[in-house]
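Residue 196 in numbering that gives the first Met the number 0 is what sits at position 197 of the sequence shown, and the numbering runs on without skipping anything.
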Amino acid sequence: MPRKYQRKQNVTPRVFWTEENLRLAIDKVTSKQLGVNEASREHSIPSRTLRRRIQVNNSSKLVLRKPPALGKNNEDRLVKHIQKLQTMGFDPLEKTVRTIAYNFAKKLNLEHKFCVQGNSTNMAGTHWFYSFMDRNRELSLRKSEGLSLARAKGMNRQEVEEFYDLLKNTLEKYNLFNKPGSIFNMDESGIQMEVNAYMLSHLKKREKVFQS
Numbered sequence: 000m001p002r003k004y005q006r007k008q009n010v011t012p013r014v015f016w017t018e019e020n021l022r023l024a025i026d027k028v029t030s031k032q033l034g035v036n037e038a039s040r041e042h043s044i045p046s047r048t049l050r051r052r053i054q055v056n057n058s059s060k061l062v063l064r065k066p067p068a069l070g071k072n073n074e075d076r077l078v079k080h081i082q083k084l085q086t087m088g089f090d091p092l093e094k095t096v097r098t099i100a101y102n103f104a105k106k107l108n109l110e111h112k113f114c115v116q117g118n119s120t121n122m123a124g125t126h127w128f129y130s131f132m133d134r135n136r137e138l139s140l141r142k143s144e145g146l147s148l149a150r151a152k153g154m155n156r157q158e159v160e161e162f163y164d165l166l167k168n169t170l171e172k173y174n175l176f177n178k179p180g181s182i183f184n185m186d187e188s189g190i191q192m193e194v195n196a197y198m199l200s201h202l203k204k205r206e207k208v209f210q211s
């Protein structure tokens, strides 16, 4: 008859730490906010493990990749800018996002590798773009409908309701209900009249890509 297992007394149970805890602990030690032992206790990571990972700077699945070229805060600003364009019905093209990123870095005098030797396009590369999309999963790539098809479907109930919801939100946001003189007809202004079948950066939660 097998013996029943009994846990040993006065033995510290194994602690399961997460990769996020390890990253935070390493950051606090390397920035000299905490010592190794203090960070070990605060984030429940064995001190020997933490010390070893700091020394070799290699933590298996831990994401210790290089920071974004624009920096985390500036990249967040870029995401918000794209989202703002999308809520207005203007989903930027891939090349537009790459150009904005390049101009953003140039204006802020940020060190970057967007313009490598032989590249005079004045835009971030495709490798940066797809890494950017991978880091910001709230954005995704969608394919827009052709102009003629969009117009053919433009007068169904869902399209009309979405348009008036967007109009109502805009009027409320800028307090325009009693200011008809501040509302302009932009139908024939030439703004994004045709995008054909380009790939767009598009908010996942939205199902439609607005077109004129």
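Note that CB positions come from ideal geometry on N, CA and C, so glycine has one too. Predicted model, so just to flag it, every value in this text is computed and none were measured.
- Task: Work out the CA separation of residue 99 and residue 167 for me, nearest whole Å.
- Result: Residue 167 and residue 99: Cα-Cα distance of roughly 29 angstroms.
- Message: Mapping the DSSP letters down to three states, classify residue 69 as helix, strand or coil.
- Response: It is coil, neither helix nor strand.
- Cβ-based neighbour list, residue 126, same chain, cut-off 8 angstroms, excluding 5 preceding and 5 following: If we look at residue 126 and ignore the five residues flanking it on each side, it has no Cβ neighbours.
- Query: Which residues in the same chain as residue 16 place their Cβ atom closer than 7 angstroms to its Cβ, once the five residues preceding and following it in sequence are excluded?
  - Reply: Excluding sequence neighbours, residue 16 sits near 42, 43, 44.
- Task: Could you check the C-alpha separation between residue 157 and residue 165 for me, to the nearest Å?
- Result: Approximately 12 angstroms between the Cα atoms of the pair.
- Message: According to DSSP, simplified to helix, strand and coil, what is residue 43?
- Response: Reduced to three states, the DSSP call for residue 43 is coil.
- Message: Suppose you measure from the CA of residue 136 to the CA of residue 121; what does that come to, to the nearest Å?
- Response: Taking the straight line from one Cα to the other gives about 25 angstroms.
- Query: From which residue to which residue does the alpha helix (DSSP H) around residue 127 run?
  - Reply: Here the alpha helix (DSSP H) through residue 127 covers 125 to 134.
- Item | For residue 70 and residue 18, the rounded distance between their alpha carbons | Approximately 21 angstroms between the Cα atoms of the pair.
- Helix, strand or coil at residue 107 according to DSSP, with G and I counted as helix: If DSSP states are grouped into helix, strand and coil, residue 107 belongs with coil.
- Message: According to DSSP, simplified to helix, strand and coil, what is residue 178?
- Response: Residue state, collapsed to three classes: coil.
- Task: Can you tell me which of 159, 67, 169, 179 puts its alpha carbon nearest to the alpha carbon of residue 134?
- Result: Sorting 159, 67, 169, 179 by C-alpha distance to the C-alpha of residue 134 places 67 at the top.
- How about residue 138 and residue 103: are their beta carbons less than 8 angstroms apart? No, the pair does not count as a contact, with Cβ atoms beyond the cut-off.
- Item | Spatial distance of residue 26 from residue 90 (CA atoms) | Spanning the two alpha carbons is a distance of roughly 37 angstroms.
- Item | CB-CB length for residue 49 against residue 39, believed under 8 angstroms | That pair is a contact at about 5 angstroms.
- Leaving out five residues on either side along the sequence, give the residues of the same chain with a beta carbon under 7 angstroms from the beta carbon of residue 128. The answer, listed in chain order, is 93, 96, 97.
- Coil, strand or helix - residue 146 by DSSP: Low per-residue confidence applies at residue 146: pLDDT is 49, beneath 50, and the placement is therefore not dependable enough to give any value.
- Proximity to residue 108 [Cα-Cα], best of 73, 30, 179, 124: Minimum Cα distance to residue 108 is reached at 73.
- Indicate the three-state DSSP secondary structure (helix, strand or coil) for residue 82 in the structure shown. Secondary structure of residue 82 (DSSP, three-state): helix.
- Query: Which of helix, strand or coil does DSSP assign to residue 54?
  - Reply: DSSP, read as helix, strand or coil, puts residue 54 in helix.
- Per-residue DSSP class, three states only, for residue 27: Here residue 27 sits in helix by DSSP.
- Task: Going by CA-CA distance only, name the one from 161, 180, 176, 183 that's closest to residue 86.
- Result: Looking at the Cα atoms, 161 is the closest of the given residues.
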